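Numbering (my numbering), first residue to last: 242 to 386.
Contents: one structure, followed by commentary.
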Amino acid sequence: MAVDVSTEAVIERPRTQVAAFAGDPSNAPQWYANIDRIEWRTEPPLRVGSRMEFVARFLGRQLVYTYEVIEYTPGERLVMRTAEGPFPMQTTYTWADDGPDRTRMILRNTGTPSGFGKVAAPLMEAAMRRANRADLARLRALLEA
């Protein structure tokens, strides 16, 4: 069973500001509750081919996975997929203007779990949806403060 979770938020800040902050993996621990830290595996700045290791907690377990940037249009779209790790995943951020100095950000996670993950996919999808909503709310609070 494939997992496909899409969550969006409107943030009262210009798109360039939202995209610059949310699209910088170094900022992820500030707004993702489950991400403890990231380590760059390639030198910044972010570009297609960049690789970062994320250390996270999810459903009571520590996960370490490496994302690789496969598409990047600054200020508009960022697509990363896991190059290694326990659950093949693709994460897409899109940013669009939603009025003057307002940004609509969409966070989408897709993947196809294997092994035990296939059985747990509905639970994982629900947990991801809750976490993504909370993370986007945290991002909005940080940027609008």
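No residue lacks a Cβ here, since even glycine has one placed at the ideal position from N, Cα and C.
If you're wondering where the values come from, they're calculated on a predicted model, not measured in any experiment.
First and last residue of the uninterrupted beta strand (DSSP E) at residue i
| i | result |
| --- | --- |
| A297 | 292-299 |
| G251 | Correcting the residue type first, residue 251 is Val in the shown sequence and not Gly. Looking at the DSSP string, the run of the beta strand (DSSP E) that includes V251 is 244-252. |
Between the CA atoms of residue j and residue i - distance to the nearest angstrom
| i | j | result |
| --- | --- | --- |
| Y334 | E284 | 21 Å |
| T353 | A372 | 18 Å |
| V259 | M369 | 22 Å |
| I311 | A386 | 32 Å |
| R254 | R298 | 29 Å |
| P363 | T351 | 13 Å |
| S267 | E280 | 8 Å |
| E317 | W336 | 5 Å |
| T323 | E309 | 6 Å |
| L377 | G264 | 13 Å |
Bounding residues of the alpha helix (DSSP H) (the contiguous stretch that carries residue i)
| i | result |
| --- | --- |
| A225 | Any property of residue 225 remains undetermined from this structure, which presents the chain solely from 242 to 386. |
| V289 | No alpha helix (DSSP H) contains V289, which DSSP labels as neither H nor E. |
| A260 | 256-263 |
For residue j and residue i, believed in contact at Cβ under 8 Å, the rounded distance
| i | j | result |
| --- | --- | --- |
| V296 | V305 | 5 Å |
Minimum C-alpha distance to residue i - residue among the options
| i | options | result |
| --- | --- | --- |
| D338 | M321, S291, I252 | I252 |
| I276 | A375, A260, A382 | A375 |
| E249 | A386, P363, L364, R343 | R343 |
| T307 | M330, P286, G316, P315 | M330 |
| P286 | V246, A274, F262, M365 | F262 |
Per DSSP, cross-strand counterpart(s) of residue i
| i | result |
| --- | --- |
| E312 | V320 |
| A337 | R345 |
| E280 | E294 |
| N350 | V246, T332 |
| R302 | F299 |
Cutoff 9 Å: residue i Cβ touching any chain D Cβ
| i | result |
| --- | --- |
| D338 | Protein chain content of the structure displayed is limited to a single chain, and chain D is not contained in it. |
Residue i beta carbon near the ligand SAH (any heavy atom closer than 8 Å)
| i | result |
| --- | --- |
| L380 | Only the bare structure without any ligand can be found here, which leaves the ligand SAH out of the picture. |
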